[in-house]
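Peer 1: Residue numbers (my numbering): 1036 to 1666.
The structure that follows is given in the form of structure tokens.
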Ligand code: M6R
């Protein structure tokens, strides 16, 4: 987690770094700091709390300089204090760090024995002391960074400067994302391209082991020589094993400005804006995969088609909300294509000893494309030469780059920590993916294909219709707030959406919420039911409808309040529910695949309005960060 940014050769580095930090705040928001270098001076300001606290402090300060580094923190080692906030400064060295140093205790013990006094509780300060020691001997920042690389174990992205080497910034990446960008003679580093989108013209992502030294208007890139020799990431490497890369061989990516990015427009929160963008961004999910003239599904590349033809089993691995999208995909793929699907969270899967056959397909889902557990699964699959498909929102992210086949959510940048539009676009793509598999395996009739395409094309309108009634959810917030616990229930296609609904509520409202399939109710959770418990029941008219209604009767007779979410004007559901919300009228025959997508929106709205009603920080819920780049 944490966001880092650095620049050299810009006219107003304070402004560039603060703007950049704003875009990186989703990566961590408990404290922040900035260091601006001017000749042989450094001016460091840090603040606890949101970035606005740092902004307040620096507003009154003249911080001149064309070179600087900055950081927004999600605490891993040590409490949220100014001492623990970055940049850390030791001797002439200033450093910002994203990641975790696994051997920091051992390194710290050795430094303590040498009489070093620590000011913070962080693993980062250990790096700063080591760099300062090496710098004193080597008199070169680059040599000091090369040396520190050989002793650090763990996962880290570092930006380092020294007041003794003006206009010099050295970066080292081993694990978390770090991008290098330029425009004329200005250079930038950051954890995310959003941070320099207003200043740089092109960038490339650093590879693990890369060191870049920027010195005034020049840079050099050092890359591990033994890159492909299957060395473990944490194995100590001799610092002479780097080679300077010829800059002609670098592939630069054009910086694109995201039309959905950085302004809340007239919305109170990014989350609300992102919920309301869904009709629009769903078009971007659908259109790359559909021929609207022939009303046909477009298929993936020939290589992937061959793999799909052969496969009998698909693994889908992800974390958090992406994991619930994976759960939904299991229902879609097994129904549409009759292929068996196994789903797991990446944090569990990476330590399982799951047998995978060369013909099995593995799909990884990640909005950010940088989630540490998911990335680690990808790396271990690559070692076993198993091909991997990814579904990411962030193009050129680590997971996107390292996978063999890429699908994209195309949801535009998602700023709010709680995922909304990326989830809905994932469901759309996974629905399309399941029908692609069915088509490749000759299990999709031409009539069904046309009906499916028609259903997909109706989605943007239907999503808009759900949002037209958002006020009906807002009006129920007082009713929601009377309850202390929440059980989200659904069967079949609705079950993963219930799980996602419970996660949204936990994440934003900080009250206990759990999801159960209706069929599991009698096996325990029914004992929880009393007047303080609200059952949020997802009961659309699908193949599970009658069974779910019977379960709802059982819940009702035990005194729970019920918030029913179901199909258009369902009188029976309204009778059983204390409060209800109806999805729009669906005439398409593929309503079983549309229902879960549409039902996701009331889940999001419910958590959003409830959180706002309680006065919580909707966009940046406590203890969380958008991109979980540490285990
Ligand atoms: O970027 P990813 O999709 O890999 O992120 C996975 C989870 O960390 C993420 O979905 C998290 O659960 C969200 N905050 C949920 O709203």
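We put the beta carbon where it would ideally sit given N, CA and C, even for glycine.
DSSP three-state call for residue 1558: helix, strand or coil?
Peer 2: Here residue 1558 sits in helix by DSSP.
Peer 1: Please report the Cβ distance between residue 1194 and residue 1130, rounded to the nearest whole angstrom; I am assuming they are in contact, meaning their Cβ atoms lie under 8 Å.
Peer 2: Indeed they touch by this definition, with Cβ atoms about 7 Å apart.
Peer 1: Alpha carbon to alpha carbon, what distance is there between residue 1511 and residue 1644?
Peer 2: Answer to the nearest angstrom: the Cα atoms are 9 Å apart.
Peer 1: Using C-beta distances below 7 Å, list every residue in its chain close to residue 1288, excluding the 5 sequence neighbours before and after it, in chain order.
Peer 2: If we look at residue 1288 and ignore the five residues flanking it on each side, its Cβ neighbours are 1237, 1238, 1239, 1431.
Peer 1: Report back the beta-carbon spacing between residue 1438 and residue 1396 to the nearest angstrom; my notes put them in contact at under 8 Å.
Peer 2: At roughly 12 Å, the Cβ-Cβ gap does not stay under 8 Å, so residue 1438 and residue 1396 are not in contact.
Peer 1: So does residue 1655 have its beta carbon nearer than 7 Å to some heavy atom of ligand 1?
Peer 2: No; taking the cut-off as 7 Å, the Cβ of residue 1655 has no heavy atom of ligand 1 nearer than that.
Peer 1: For residue 1603, does the count of other Cβ atoms within 10 angstroms reach 16, so buried, or fall short, so exposed?
Peer 2: Answer is exposed; the Cβ neighbour count stays below 16.
Peer 1: Can you say whether residue 1114 is buried or exposed, counting buried as having 16 or more other CB atoms within 10 angstroms of its CB?
Peer 2: Label assigned to residue 1114: exposed.
Peer 1: Does ligand 1 have a heavy atom nearer than 7 Å to the CB of residue 1312?
Peer 2: No - ligand 1 has no heavy atom lying nearer than 7 Å to the Cβ of residue 1312.
Peer 1: Between the C-alpha atoms of residue 1524 and residue 1517, what's the straight-line distance to the nearest angstrom?
Peer 2: Taking the straight line joining both Cα atoms gives about 19 Å.
Peer 1: Based on the DSSP secondary-structure assignment, which residues constitute the bridge partners of residue 1073?
Peer 2: For residue 1073, which the question treats as bridged, DSSP gives the partners 1076.
Peer 1: Let me check understanding here. Comparing Cα to Cα, which of 1164, 1573, 1061 lies closest to residue 1227?
Peer 2: Closest option to residue 1227, Cα to Cα, is 1061.
Peer 1: Are there three or more Cβ pairs, one per stretch, closer than 8 Å when the region 1200-1210 is compared with the region 1377-1387?
Peer 2: They do not touch, by the three-pair rule.
Peer 1: With burial defined as no fewer than 16 other Cβ atoms inside 10 Å of the residue's Cβ, what is the status of residue 1172: buried or exposed?
Peer 2: With fewer than 16 Cβ atoms within 10 Å of its Cβ, residue 1172 is classed as exposed.
Peer 1: If residue 1076 and residue 1198 are in contact, beta carbons under 8 Å, what's the gap, nearest whole angstrom?
Peer 2: Going by Cβ atoms, the distance from residue 1076 to residue 1198 rounds to 6 Å, so yes, they are a contact pair.
Peer 1: If you draw a straight line from the alpha carbon of residue 1128 to that of residue 1313, how long is it in whole angstroms?
Peer 2: Rounded to whole angstroms, residue 1128 to residue 1313 spans 46 Å at the Cα level.
Peer 1: According to the Cβ coordinates, are residue 1321 and residue 1426 closer than 8 Å?
Peer 2: Not a contact, by the Cβ cut-off of 8 Å.
Peer 1: Give me the residue from 1538, 1528, 1249 with the minimum Cα distance to residue 1552.
Peer 2: Residue 1528 is the option with its Cα nearest to residue 1552.
Peer 1: In the DSSP assignment, find the unbroken beta strand (DSSP E) run with residue 1580 in it and report its ends.
Peer 2: From DSSP, residue 1580 is part of no beta strand (DSSP E) but of the alpha helix (DSSP H) over 1580-1591.
Peer 1: Check residue 1240 in the structure and name its three-state DSSP category.
Peer 2: Here residue 1240 sits in strand by DSSP.
Peer 1: Could you tell me if residue 1232 is buried or exposed, where buried requires 16 or more neighbouring beta carbons within 10 angstroms of its beta carbon?
Peer 2: When all chains shown are included, residue 1232 counts as buried.
Peer 1: What span of residues does the alpha helix (DSSP H) with residue 1176 cover, start to end?
Peer 2: 1176-1186 is the span of the alpha helix (DSSP H), which, as asked, contains residue 1176.
Peer 1: Under 8 Å between the Cβ atoms of residue 1618 and residue 1599?
Peer 2: No, the pair does not count as a contact, with Cβ atoms beyond the cut-off.
Peer 1: Mind checking who residue 1617 pairs with in its DSSP beta bridge?
Peer 2: Per DSSP, 1601.
Peer 1: Considering just the uninterrupted stretch of the beta strand (DSSP E) at residue 1214, what are its terminal residues?
Peer 2: Residue 1214 -> beta strand (DSSP E) spans 1214-1218.
Peer 1: Measure the beta-carbon distance from residue 1216 to residue 1133 and round it to whole angstroms, keeping in mind my assumption that it falls under 8 Å.
Peer 2: Rounded, the Cβ-Cβ distance is 17 Å, inconsistent with contact.
Peer 1: For residue 1264, which residues of its own chain have a beta-carbon under 8 Å away from its beta-carbon, when the five flanking residues on both sides are left out?
Peer 2: Any reading at residue 1264 must be qualified, since the residue scores a pLDDT of 39, below 50, and its modelled position is unreliable; the value itself is stated next. Here the set comprises nothing.
Peer 1: With 16 other CB atoms within 10 Å as the buried threshold, where does residue 1281 fall?
Peer 2: Burial call: exposed.
Peer 1: Kindly indicate which three-state DSSP category residue 1551 falls into: helix, strand or coil?
Peer 2: Strand at residue 1551.
Peer 1: CB of residue 1416 to nearest heavy atom of ligand 1: below 7 Å?
Peer 2: False, no ligand heavy atom lies under 7 Å from that Cβ.
Peer 1: Is the beta carbon of residue 1136 sitting closer than 8 Å to the one on residue 1104?
Peer 2: No, the Cβ-Cβ distance between residue 1136 and residue 1104 is not below 8 Å.
Peer 1: For residue 1668, which option in 1647, 1360, 1346 has the closest C-alpha, if you only look at C-alpha atoms?
Peer 2: As displayed, the chain neither begins before 1036 nor continues past 1666, which places residue 1668 out of reach and without an answer.
Peer 1: Going by DSSP, what residues sit across from residue 1208 in a beta bridge?
Peer 2: Looking at the DSSP assignment, residue 1208 forms a beta bridge with 1192.
Peer 1: Could you confirm whether any beta carbon from chain B is found closer than 8 Å to the beta carbon of residue 1432?
Peer 2: Protein chains in the displayed structure number just one, and chain B is not present.
Peer 1: I need the boundaries of the beta strand (DSSP E) containing residue 1638, first residue and last residue.
Peer 2: No beta strand (DSSP E) holds residue 1638; the alpha helix (DSSP H) holding it covers 1626-1648.
Peer 1: Would you mind stating whether residue 1616 and residue 1532 have Cβ atoms separated by less than 8 Å?
Peer 2: No. Outside cutoff.
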